[in-house]
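J.: Here it is, the structure, as structure tokens.
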Ligand SMILES: Cc1cc2nc3c(=O)[nH]c(=O)nc-3n(C[C@H](O)[C@H](O)[C@H](O)COP(=O)(O)OP(=O)(O)OC[C@H]3O[C@@H](n4cnc5c(N)ncnc54)[C@H](O)[C@@H]3O)c2cc1C
């Protein structure tokens with residue numbers, strides 16, 4: 079089975095800041111492999127171990143994202159594709175997905191494409207489904223586990239708000255993955271880090287992928303960030319004092335008043 083995992087390097091923070099043009103301020107921030115993507119890589123490696131095949135990883139990002147791809151190779155991935163060109167600067171999610179889908183078409187026939195469900199910086203969750211749409215293949219989001227692979231079908235466990243569903247999907251397909259609670263991430267071994275240095279690392283520029291170049295970068299991005307701001311802070315709510323029984327009675331009265339209970 080040929081598996082490709084899309085990975086993104088993200089700032090190691092939950093407090094992302096933007097400049098006046100809505101572009102992320104990356105200066106002074108350490109970068110890490112998006113944790114959703116590391117989970118997808120580890121799940122792909124588990125599938126390779128069980129069913130054979132190879133696992134490639136791909137990013138569309140400036141040169142500095144090499145460390146994220148190297149980490150994937152050190153964890154056990156076989157090959158890395160790094161798409162990097164000034165032509166991609168300022169890409170929104172649609173232009174990013176378009177370029178990724180062209181690169182995927184260019185480099186090979188993959189049976190399975192995996193991605194994180196969302197990136198911890200942009201956090202739109204657009205890329206996986208959009209790439210699948212451009213490639214004309216089915217996709218499943220919120221995939222917590224690949225249960226089984228049989229012939230040209232995979233059975234996956236996909237999370238719902240109040241449970242999960244089992245979905246069988248025909249290959250080739252794209253799975254956007256989310257780590258289960260308490261997932262224990264692996265650290266690359268010393269041997270893995272050394273081996274990674276000799277694994278195939280392929281650089282691709284805009285000219286290396288066939289497509290409509292007017293759809294790359296800022297010019298090919300139909301969305302513009304008009305304003306970025308943190309959500310308003312929640313008020314602390316009402317604090318009931320007094321003894322336990324009085325507080326419970328007050329809470330019940332409030333819930334009745336708001337028609338939460340009758
Ligand atoms: C108008 C506009 C302008 C922008 N300009 C810039 C800019 O100048 N510079 C900049 O850095 N960003 C810019 N962005 C943000 C950029 O579009 C997003 O970082 C990118 O498209 C990914 O979206 P996301 O972070 O929401 O990923 P999500 O859709 O949440 O990511 C889901 C998954 O998709 C995969 N994925 C996401 N991005 C990539 C990638 N690049 N390569 C491989 N796999 C990936 C990963 O597996 C990830 O877990 C801009 C966005 C907009 C809307």
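Residue numbers (this note's numbering): 79 to 340. Cβ coordinates follow ideal geometry from the N, Cα and C atoms, glycine included. Only a predicted model underlies this, so the values are computations on that prediction, with no experimental measurement involved.
Applying the 10 Å Cβ sphere with the 16-neighbour rule, what's the burial state of residue 112?
T.: Residue 112 should be labelled buried.
J.: With distances taken from CA atoms, which of 334, 127, 87 and 340 is nearest residue 227?
T.: Looking at the Cα atoms, 127 is the closest of the given residues.
J.: Give the straight-line distance between the Cα atoms of residue 330 and residue 245, rounded to the nearest whole angstrom.
T.: Near 42 Å, if we compare the C-alpha coordinates of residue 245 and residue 330.
J.: Go to residue 247, then tell me how far its beta strand (DSSP E) extends in each direction, as first and last residue.
T.: It spans 241-248 - the beta strand (DSSP E) in which residue 247 sits, taken as one unbroken run.
J.: My guess is that residue 235 and residue 247 are in contact by the Cβ rule of under 8 Å, so how many angstroms apart are they, rounded?
T.: About 12 Å separates the two Cβ atoms, so there is no contact after all.
J.: Determine the contact status of residue 256 and residue 195, defining contact as a CB-CB distance below 7 Å.
T.: Closer than 7 Å, so yes.
J.: Where DSSP assigns a beta bridge to residue 136, which residues make up the other side?
T.: Beta-bridge pairing links residue 136 to 84 and 159.
J.: Taking 8 Å as the limit between beta carbons, can you name the residues of its chain near residue 277, skipping five residues before and five after?
T.: Around residue 277: 151, 155, 156, 157 and 158.
J.: Is it the case that the region 295-306 contacts the region 157-173, given that we only count it when at least three CB pairs across the two stretches are under 8 Å?
T.: The region 157-173 is in contact with the region 295-306.
J.: Could you check whether the Cβ of residue 38 sits closer than 6 Å to any heavy atom belonging to ligand 1?
T.: Residue 38 lies beyond the residue range present for the chain, which begins at 79 and ends at 340; the question has no answer from this structure.
J.: Given a threshold of 16 other Cβ atoms within 10 Å of its Cβ, counted over all protein chains shown, does residue 319 qualify as buried or as exposed?
T.: Its Cβ having fewer than 16 others within 10 Å, residue 319 is exposed.
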